[in-house]
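Q: Chains A, B, C and D, in that order, are what the protein sequence lines are.
Reminder that position 58 of the first sequence reads as 103 in our numbering, one-by-one numbering, no gaps.
Reminder that position 9 of the second sequence reads as 54 in our numbering, one-by-one numbering, no gaps.
Reminder that position 211 of the third sequence reads as 215 in our numbering, one-by-one numbering, no gaps.
Reminder that position 482 of the fourth sequence reads as 483 in our numbering, one-by-one numbering, no gaps.
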Amino acid sequence: MKVRVTVMLKDGVLDPQGKAIAHALHVLDFGSVGEVRAGRVIELEIAETDADKARAQGDAMARALLANLVIEDFTVEVVA
Amino acid sequence: MKVRVTVMLKDGVLDPQGKAIAHALHVLDFGSVGEVRAGRVIELEIAETDADKARAQGDAMARALLANLVIEDFTVEVVA
Amino acid sequence: MKAGIVVFPGTNRERDMAIALKRVTGQAPAMLWHRDTTLPKLDLIVLPGGFSHGDYLRCGAMAAHAPLMAEVRAFAAAGGHILGVCNGFQILTEAQILPGALLRNANLRFLSQDCHLRVERADTAFTRLWAKGDVFRTPMAHGDGNYVADPATIERLEGEGRVAFRYARPDGTVAADDQAHNPNGSLNAIAGVFSENLRICGMMPHPEDLVDPLMGGEDGKPLFAGLVEALGR
Amino acid sequence: MSNAGQKTVDEALAREFGLTADEYGNVLSIMGRTPSLTELGIFSVMWSEHCSYKSSRVWLKTLPTTAPWVIHGPGENAGVVDIGQGLAAIFKMESHNHPSFIEPYQGAATGVGGILRDVFTMGARPVANLNALRFGDPANPQTRRIVDGVVRGVGGYGNCVGVPTVGGEVNFHPSYDGNPLVNAMTVGVARQDRIFLSAAAGLGNPVIYVGSSTGRDGIHGATMSSSEFDEDALAKRPTVQVGDPFVEKLLIEACLELMATDAIVAIQDMGAAGLTSSSVEMAGKGGVGIDLDLDAVPQRERGMSAYEMMLSESQERMLMVLRPDRTDVARTIFEKWELEFAVIGHLTDTGRIVVRHKGAVEADIPLAPLADQAPLYHRPTAPSPAPAPLGPVTDPVGTERALMHLIGSPDIASRAWVYNQYDSTVGGQTVRRPGSADAAIVKIDDTSIGLALTTDCTPRYCRADARTGGAQAVAEAWRNITATGARPLAVTDNLNFGNPEKPEVMGQFAAAIEGMGDACRALDFPVVSGNVSLYNETRTPDGTTTAILPTPAIGGLGVLEDVSQAIGYGMQDDCDLILVGET
Ligand SMILES: Nc1ncnc2c1ncn2[C@@H]1O[C@H](COP(=O)(O)OP(=O)(O)O)[C@@H](O)[C@H]1O
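1) Under 8 Å: does the beta carbon of C/R39 sit that close to some heavy atom of ligand 2?
2) Secondary structure at B/V124, three-state DSSP: helix, strand or coil?
3) Take C/I95 as the anchor and find which of C/N201, C/F12, C/L191 and C/A229 has the nearest alpha-carbon.
4) Give the DSSP-derived three-state secondary structure of D/F197 in the structure shown.
5) Please tell me whether D/V475 and D/G80 are closer than 9 Å, where the distance is taken between their beta carbons.
6) Run down chain D in chain order and give the residues with a C-beta less than 9 Å from the C-beta of C/F55.
7) Assuming C/L247 contacts C/M73 under a Cβ cut-off of 8 Å, what Cβ separation, rounded to an integer in Å, is found between them?
8) Assuming C/F228 contacts C/V215 under a Cβ cut-off of 8 Å, what Cβ separation, rounded to an integer in Å, is found between them?
9) Helix or strand or just coil, what does DSSP make of C/G221?
10) A/R82 versus chain B: which residues are under 7 Å apart at the beta carbon?
11) My parser needs the alpha helix (DSSP H) runs of 4 or more residues fully inside the region 357–385 of chain D; what are they?
12) Looking at chain D, is there any beta carbon in it that lies within less than 9 Å of the beta carbon of C/M219?
13) Could you give the residue range of the alpha helix (DSSP H) that holds D/H174?
14) Any Cβ of chain C within less than 9 Å of the Cβ of B/Q102?
15) Under the three-state reduction of DSSP, which class applies to D/M585: helix, strand or coil?
16) In three-state DSSP terms, what is D/Q430?
17) Measuring only between beta-carbons, confirm whether A/A65 sits less than 9 Å from chain C.
18) On a Cα-Cα basis, can you pick out the residue from D/G216, D/L257, D/L558 and D/E254 that is closest to D/G244?
19) So that I know if they touch, is there some Cβ in chain C lying closer than 9 Å to that of A/L110?
20) CA-CA distance, D/N497 and D/V533?
21) Using alpha carbons as the reference points, say which of D/A68, D/D263 and D/N98 lies closest to D/G124.
22) Using C-beta distances below 6 Å, list every residue in its chain close to B/L89, excluding the 5 sequence neighbours before and after it, in chain order.
23) What is the DSSP secondary structure of D/D233, reduced to helix, strand or coil?
24) Determine the extent of the alpha helix (DSSP H) in which C/A168 is found, giving its start and end residues.
25) Spatial neighbours of D/G486 within its chain, please: CB distance less than 7 Å, with the 5 preceding and 5 following residues excluded, ordered by chain position.
26) Can you find a C-beta in chain C that's less than 9 Å from the C-beta of A/G57?
27) CA-CA distance, D/V211 and D/R195?
28) From the DSSP output, in three-state form, read off C/D118 for me.
29) When you compare the CB positions of D/L348 and D/V289, do they come within less than 9 Å of one another, or not?
30) How would you write the range of the beta strand (DSSP E) that D/S530 sits in, first residue to last?
31) Looking at the C-beta of B/D60, does it have a partner C-beta in chain D at a distance below 9 Å?
32) Locate the beta strand (DSSP E) running through D/P553, then write down its first and last residues.
33) With a cut-off of 9 Å, does the C-beta of C/S116 fall near any C-beta of chain D?
34) Examine chain D for any beta-carbon lying closer than 9 Å to the beta-carbon of C/A68, and answer yes or no.
35) D/V344 and D/I209 - do their beta-carbons sit closer together than 9 Å?
36) Closer than 7 Å, Cβ to any Cβ of chain C: which residues of the region 407–424 of chain D, in chain order?
Written out as C-alpha cells, the structure is:
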C-alpha cells in the first residue's frame, strides 16, 4: 500500500519558508494570498495489504524519524 | 479558503532524499518499506469563497512559483 | 585529554576538528565510525560539522539514530563531556540530548561568513578561558542554524543559565532582531546551549576553523585549550 | 542484433542524433552494415562536439602544454603539476552551461559534481573549488532566477561534499541572456607516486561500476550541449539530471580509501555520455577490447534498454579496472560506504567494445576507428570587425558620480552576496578567503606549501580583440598569482564560444587561442587541462541567434613554498600606496 505522511511545523513555530513564499507570491501579484505554511510530504510504499496496519506503520515511522515532534506535527493518510 | 499544493519530483527523476529516507527506515527496522519519494507541501490561505476559483488560483501559483515544472509535478486540493 | 570524533557518512569537518584538537593536546584524536557499537575510553566526544546523510529529511535526523549514538547517550548519562558543532549540534538536538531544534536560516540562504559570539558564562569546561561577556570571532557555515524551542524550554534555558553563546555585535551588544548580527534569526540570538549538567555543549559556528594565525586568527582556540585544562592533557 | 520495437536506423535518425550525412557515411563504412540503435547512439555521443572536440582540436594542439614541472598535460582527466615535497596539484575547469540554462540549480550543482570527479578519479583529495559565472543583463527578469539557482546550486553541491569554494568571478552581459556560463574548477592534491590514470590494461581484468545506480537521466546530454538552443530546449527538459552531493562525498572517501591499496589498474569517472565515453576511452587508451554485460548494471528504473543505459548521464558513477585478486578488497570498501559495486564486464584482446543485454549483443564496434576516424574539422574563420575607436574621453557627470557609478556596477560591485553562500573555510586550510587577496590561498595540510588559485577573463576585451583578450586573461591570472607572492605554475582553461560553424565565431576562437598561447609561452605558464564549450548562443526576438561574448576563462594555479609568506590586499595602517607600471 502507499502511505503519505505530511509533516508541518507546529502552530506557533515561525515558518521562514512559508513567509518567504507568501512574500514572493505577493510580488507576483497573487494579492489574495494570506498565510502560507510550508511542509514536507513523504510517500512510502509499504508491503502491507491492510489499510489500518499500513497507517499504523506510517504513524510509527513518522514518530521514529519522519517528523521532529519538538517542532513538527504530522498526519498519515493511506493513498493507495 | 485553504488550498494545499503538493509538489513531487517527476517519475524517473532521481530523488536523493527519498533514497536516503528509505535507507534510514530500513536501518530502523521498518523492513516493509519499499520505494520512498520525498516532496513538499505548501498550504495557502486564499481570500476566496468559491472552491473552484481557489483551486484555479492554487494551480496558477504552483505554475508561477511553487513547483519547478522542469523536474516536478504538482497537485492542488482545496482543504477547507 | 583523550578525545574522539564521530564520523557519519557525509560528515566533512572532522579533519578541521582533528587539527584543532591536535594543536592543543599534541595528540591526534580517535576517529569513531557511526556504525561502531563500543567506545574507547574517552574524556571528550566531538560531533563535528558536515552534512550527515546529506542533511536530507532534516539536518542530523538520520545520524541521531546511528548505532554509535546509543553509546554517546550512555556516555552523556555517565557525565561525559560532549561537544557538538554545526551538524553535530543539529544531531544532538535531533537525538534530544540537547533541547530545541535548528530550522532553516531566516533568509533561507546558506551563510558562510564570520560572526561574533558573546560568552554567556565562564564556569564551564568549554568556556573557562573566557570571562563572561567576552566576545570572540568565529566563522559560521550553515543553512540551518536558526535556533528555536518552545517558550517553556527557552524560559528554562535562560533561567538555568544554559545559553552558552549568543550572536553579538563586536562590542558585545546582542540584538536578536538585527539580521546583520543575528544572521540566521535564532531565538534570543542563541548560538549555543548547554545540557543541564553543563557538560554537553552544542553550537552552530566553527571555532575549530580559527585556531591558527595563518588562517586568520586564534579566536576559537580558548575553547579547546579550556577543555584541555578542564579534562587534562 | 535485437532492434525489436526500436526506431529504424537510417540517415534521418542519425541526423536527429546530431551526426551529419558524411559522418553517418563514415559510420556505415566502419561497421560494414547498418548500425543498431545502441551503436548509433555510441557513435553519436563519441563524435559529438562535446566528446570529440571536432571543431577545436586543431587549434587546441597549438597551445603550449609542457614545462619541467608538468607531470601530465591535457589528455588525462585533469592536469597534474609538481608542487614540491613529492606532491602534485591536479586541476581542471569544466563547463555546465546548457544544463544550467534549463535548470539552474541542478545544472550548476551537477557541474560542480562532474569536475570534482575528474580530479579525485586521478587520486587527488579535492582541496578547493572555484567557479567562473556569466549571466545576462541584470535588468532581465530571467537573469535573477538563473543567478539565484546557479549560485545556490554551486553552493549546495560544494558545501555538502565539504570542499571549500575559495574563489571565482561573476560578469553580466545581455549576450548571456539565453545562455549563462557556469564554469567550475576543482583543485586536488595527491602524492606524485599515487596518481591514477584511465588507460585500461590486463586481459580478463574485471570492469567495475561503482557509485549511484543508473536511471534515464540526461540521455543525449552530450549531443544537446553541443547544439544551439532552440524551441526544443523546452521539450528536452525532462532529461535534466539531479545531483546527489551526499553520494559524491561517499564516492570521494571510498575511492581514496581504495586508492591507498594496489587494487586499481585504471579508473575514470562517468561524465557526459556516461558508460559509453568512460568504457570507450578507457579501453581505447589502453589499446584493449572491452565486453560489457548490461544486466549487471545497477539500475534505478525498470525496463531500461541497452541504448538508454549506454547513454544515461546519471551522476556520481565511476568505472574502474581492478586487479582480479583485489576485487573483494574493493567490494568491502564500497559496501562500507554503502555505494553500488558491480562487476559489469572484463577486458578482452579483440580491440572491440561488445555490449550485451538480455542475451543479445546490442553493440559490437571496433574501437580504433571509433577514435581515429572521429571527425576533425578545419572550420573556416573570419576576422571580427574591429570595434569603432572610442571617442575622446569626456566627463559629463564628474569624477565623484563616475566613481559611484563604477563601484555600483554589477560587474564591479562586491561579490560577498555570492561567496557568502559558499563554505570557504571547510577543511581548515583556507589562508586567504574570497575577497581578501588577488588569488585565493589554500594550505596543504601537514606541509608548509600553499596553492594560489584564481579564475580570470574579461569577455568584453575578447570581443574587442579576441587575440589580445585571450592573452590578457592569461596575463591577469599570472598577475593575480604573483600578487600573492606565489610562483605561477600552470593554467586550465574553459573556452566558451558561440556556434563554430559561423566563421566569425571560429575566428574569435582561433584568435583567442593564439593570444592565450603567446601569453602562456611568454610567461612559462603552460596549459595542462581544459574544456571547450561551443554553440553558446542567445536567441533574439527576431529568431536569429547571437553568440555570447567570446569567453576563454582561465584558471590559474601557483605555489608558495612557505605559505606564511602569502600576501593579501588588506591595507595596513602604516603603508604607502605605490603604483607600478604606466597608466
Ligand atoms: N563566483 C564566485 N565564487 C566564489 N568567489 C567569487 C566569485 N566571484 C567572485 N568571487 C570572489 O570575490 C572576490 C572579488 O572578485 P572580483 O571582483 O572578480 O575580484 P578581482 O578583480 O580582484 O579578481 C575575489 O576574491 C573572488 O575570488
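Think of the CB as a built atom: it goes at the ideal place given N, C-alpha and C, for glycine as much as any other residue.
A: The structure says:
1) With respect to ligand 2, the structure shown offers nothing to examine, as its ligands consist of ligand 1.
2) Taking the first residue of the second sequence as 1, we reach residue 124 of chain B at position 79. Here B/V124 sits in coil by DSSP.
3) Residue 95 of chain C sits at position 91 when you count from the first residue of the third sequence. Of C/N201, C/F12, C/L191 and C/A229, the residue nearest in Cα terms is C/F12.
4) Reading the fourth sequence from its first residue, position 196 is the one you call residue 197 of chain D. Correct three-state label for D/F197: coil.
5) Against the fourth sequence, residue 475 of chain D aligns to sequence position 474. Against the fourth sequence, residue 80 of chain D aligns to sequence position 79. Contact flag unset, no.
6) Position 51 of the third sequence holds residue 55 of chain C. Under the 9 Å cutoff, chain D gives N160, C161, V162, G163, P246, F247 and K250.
7) Residue 247 of chain C lies beyond the stretch modelled for chain C, which goes from 5 to 237, so this question has no answer here.
8) Stepping through the third sequence from its first residue, residue 228 of chain C is reached at position 224. Stepping through the third sequence from its first residue, residue 215 of chain C is reached at position 211. About 7 Å; that satisfies the 8 Å criterion.
9) Position 217 of the third sequence, counting from 1, holds the residue named residue 221 of chain C. Of the three classes helix, strand and coil, the one that applies to C/G221 here is strand, per DSSP.
10) Mapped onto the first sequence, residue 82 of chain A falls at position 37. The answer, in chain order, is E88.
11) 368–373
12) Counting from one through the third sequence, the residue named residue 219 of chain C turns up at place 215. Yes, contact with chain D.
13) In the fourth sequence, counting from the first residue as 1, residue 174 of chain D sits at position 173. No alpha helix (DSSP H) holds D/H174; DSSP gives it neither H nor E.
14) Reading the second sequence from its first residue, position 57 is the one you call residue 102 of chain B. By this cut-off, B/Q102 is not an interface position.
15) Chain D is shown from 2 up to 584; residue 585 of chain D falls before or after that span and cannot be answered.
16) Position 429 of the fourth sequence holds residue 430 of chain D. Residue state, collapsed to three classes: coil.
17) Stepping through the first sequence from its first residue, residue 65 of chain A is reached at position 20. Output row for A/A65: interface = yes.
18) In the fourth sequence, residue 244 of chain D corresponds to position 243, counting from 1. If we check each option's Cα against that of D/G244, D/G216 comes out closest.
19) For this step, residue 110 of chain A is matched to residue 65 along the first sequence. At least one chain C Cβ lies under 9 Å of A/L110.
20) Counting from one through the fourth sequence, the residue named residue 497 of chain D turns up at place 496. Counting from one through the fourth sequence, the residue named residue 533 of chain D turns up at place 532. Going from the Cα of D/N497 to the Cα of D/V533 covers about 6 Å.
21) Walking along the fourth sequence from the start, residue 124 of chain D turns up at place 123. It is D/D263 whose Cα lies nearest to the Cα of D/G124.
22) On the second sequence, position 44 is the one that residue 89 of chain B refers to. Non-local C-beta neighbours of B/L89 in its own chain, meaning closer than 6 Å and more than five positions away in sequence, comprise V48, ordered along the chain.
23) Start at 1 with the first residue of the fourth sequence, and residue 233 of chain D comes out as number 232. Low confidence applies to D/D233: its pLDDT is 46, below 50, so where it sits in the model is not reliable, and the reading given next is rough at best. Note: D/D233 maps to helix in three-state DSSP.
24) Start at 1 with the first residue of the third sequence, and residue 168 of chain C comes out as number 164. Segment V167 to A172 is the beta strand (DSSP E) holding C/A168; no alpha helix (DSSP H) there.
25) Translated into the one-based positions of the fourth sequence, residue 486 of chain D becomes position 485. Excluding residues within five positions, the ones whose Cβ falls inside 7 Å are L561, Q566, A567 and I568.
26) Here the question's residue 57 of chain A lines up with position 12 in the first sequence. Closer than 9 Å to some Cβ of chain C, the Cβ of A/G57 qualifies, so yes.
27) Counted from its first residue, the fourth sequence places residue 211 of chain D at position 210. Counted from its first residue, the fourth sequence places residue 195 of chain D at position 194. Approximately 20 Å between the Cα atoms of the pair.
28) Against the third sequence, residue 118 of chain C aligns to sequence position 114. Of the three classes helix, strand and coil, the one that applies to C/D118 here is strand, per DSSP.
29) Position 347 of the fourth sequence, counted from the first residue, corresponds to residue 348 of chain D. Position 288 of the fourth sequence, counted from the first residue, corresponds to residue 289 of chain D. Yes; because the gap between Cβ atoms is below 9 Å, this pair is in contact.
30) Sequence index remark: in the fourth sequence, residue 530 of chain D carries index 529 (1-based). Unbroken beta strand (DSSP E) run through D/S530: V528 to S534.
31) Residue mapping note: residue 60 of chain B aligns to position 15 of the second sequence, counting from 1. With 9 Å as the cut-off, B/D60 counts as an interface residue toward chain D.
32) In the fourth sequence, the residue the question calls residue 553 of chain D occupies position 552. Under the DSSP assignment, D/P553 falls in the beta strand (DSSP E) whose first and last residues are T552 to L561.
33) Your numbering for residue 116 of chain C matches position 112 in the third sequence. Answer yes: the Cβ-Cβ gap between C/S116 and chain D drops below 9 Å somewhere.
34) Within the third sequence, numbered from 1, the residue matching residue 68 of chain C stands at position 64. Contact with chain D is absent for C/A68, since none of that chain's Cβ atoms lies less than 9 Å from the residue's Cβ.
35) One-based indexing of the fourth sequence puts residue 209 of chain D at position 208. One-based indexing of the fourth sequence puts residue 344 of chain D at position 343. Cβ atoms of D/I209 and D/V344: closer than 9 Å.
36) Going along the region 407–424 of chain D in chain order, one finds N421, Q422, Y423 and D424 with a Cβ nearer than 7 Å to chain C.
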